[in-house]
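First up is the structure itself, then whatever we jot down about it.
Residue numbers (the UniProt record's numbering): 1 to 589.
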């Protein structure tokens, strides 16, 4: 229905965006970037699924800004009753393993599933459990079809179950022999459960949670953690396991989806009409050393830092009143307020060396690999095609090489493993820069997902909420530009080089001039365009019309080429046939 059709010929649909991106890629011979944005619960994941169904025959998936913090606490506890819970996979796993009678195998208990700290507040019901079982079966089916082995699936289940159980580890405060505060594990049995799932030593896990080491002048000094530091280490461990597992799964999927086919097409340089310039706001976030993210990193290094607000110097930054924890950013669509409660704590993403070394000693290959593999500057697991085979994993490689990351990975693009570099803001900055680079190098397309109501109820339309989303998503600005401006500006030479065959005969000499551009548009019976000194100005529907005409003519050209090739093949066949007949006659003589 949407293939090869203009946007205006059908009601709006995500398939139309997919089709438009595909044909733009063919015509422009340029990378395409589809940005799906919207509030949590607005339908971004479902939109992405529709895009994949419409488009993908081969792909490489990149992970941007995975919300690892959701593993240990949800963004808004008040939204739990409305479906804002932890990642779905944890609930799928619990109900799916229960349906297969495997809960005890992974140290999970049906009677405790709504009491786990990381899953607290989940509204369990028979209907939801049945739906979770169905989703779990789909996940397993997907893993199987992608070539994941049984032992790899077992490791995935173990890591997810370990994360759930790790959240239930509790600490209490004691005093050591030097009369200093020291954290100790309250429920040692929980440590044993997590250790068994991860294939590590329980005593080593307890030590990694309750102490840390620093190197000073070549000497290793071990100090005890406070209860607050132990909790932070526990949560950092859970987030690291989930993030690295997620990246490992994506990397293995990429090895299956990768393809080397080159799609050939013709190039058309299209300049999209400019929106409001957001460079000053981006600089306020990304600039060094006084950008908001750089200052956040700087303040995170000091335990009692409190000068974050006073150091941000920008007309777009509105400081809070009195001692409020809120601040405001003046975005192009309006003011947006942010809650800075525990901002510095949440920014810290440091995983102690003791924890990394502990996981590297795991009895399970996948877990060892997750913490032997280095991270990129965006905080993701390093992805590289293995030298042996496209689908090999760490278990396929000689064990003598598993401990040496230097011989396996190129250091370019890898992140520093220092405490100062392991912050959410640092990873966010590099991820944003990487995303912007991809958008600059390609042609961006935007999908805005609008949430009709906060209750996630069908047939309920909250007009004020929708209007607010339309405004801050830039939809109003886009509509204004589409109504009053020309979204495509094409130089004369490029315009004629691309489309001259639609209106000029092959023997006509066509030079890059304003008159020839005007003549082409007139011959194609188009109106509403404009011509400047060096460029043709077109609206979006003009480009759609030209694209349809272009493809129609190309199909005719291909038909003519096919006829000519068929005729040439027939002539060659007849010649070979007569040559063979003459050879037979010659031999008979």
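Beta carbons: idealized from backbone N, C-alpha and C, even for Gly.
Note that this is a predicted model, so its numbers are computed, not measured.
- For residue 317, the secondary structure class from DSSP, reduced to helix, strand or coil, is strand.
- The count of Cβ pairs closer than 8 Å, one atom from the region 16-24 and one from the region 443-462, reaches three, so the stretches are in contact.
- Minimum Cα-Cα distance from residue 347 among the listed residues 256, 155, 429, 362 corresponds to 429.
- Here the alpha carbon of residue 472 sits roughly 11 Å from the alpha carbon of residue 330.
- Sequence-distant partners of residue 517 (beyond 5 residues in either direction) whose C-beta falls short of 8 Å from its own C-beta, in its chain, are 492, 495, 496, 531, 536.
- Cβ neighbours of residue 211 within its own chain (closer than 8 Å, five residues either side excluded): 222, 223, 224, 225, 354.
- Taking C-alpha positions only, residue 243 is separated from residue 380 by approximately 8 Å.
- Contact check for residue 238 against residue 159 fails: the beta carbons are separated by 7 Å or more.
- Assignment of residue 280 by DSSP, reduced to helix, strand and coil, places it in the helix class.
- Beyond the five residues adjoining it in sequence on each side, residue 89 comes within less than 8 Å, by CB distance, of 139, 160 in the same chain, given in chain order.
- Residue 227 places its beta carbon 7 Å or farther from that of residue 206.
- Distance from the CA atom of residue 249 to the CA atom of residue 68, rounded to whole angstroms, is 15 Å.
- For residue 427, the closest alpha carbon among the candidates 465, 370, 296 is that of 296.
- Boundaries for residue 125: no alpha helix (DSSP H) harbours it, and the DSSP string shows neither H nor E there.
- From the listed residues 432, 424, 200, the smallest Cα separation to residue 356 is found for 200.
- The count of Cβ pairs closer than 8 Å, one atom from the region 474-486 and one from the region 494-513, stays below three, leaving the stretches out of contact.
- The C-alpha of residue 478 lies about 36 Å from the C-alpha of residue 253.
- Counting of Cβ neighbours within 10 angstroms places residue 490 among the buried residues, the total reaching 16 or more.
- Listed as beta-bridge partners of residue 491 by DSSP are 535.
- Distances from the CA of residue 370 to each of 361, 280, 245, 553 were compared; the closest alpha carbon is that of 245.
- Rounded to the nearest whole angstrom, the CA to CA distance from residue 251 to residue 382 is 9 Å.
- In this structure residue 352 is not in contact with residue 534, their Cβ atoms being roughly 60 Å apart against a cut-off of 8 Å.
- Pairwise C-beta distances place the region 511-528 out of contact with the region 447-467, as fewer than three of them are shorter than 8 Å.
- Residues 103 of the same chain have their beta carbon placed closer than 8 Å to that of residue 109, with the five preceding and five following residues left out of the count.
- Closest in alpha carbon position to residue 525, among 509, 510, 542, 142, is 542.
- The C-beta separation of residue 71 from residue 49 comes to about 23 Å, leaving the pair out of contact by the 8 Å criterion.
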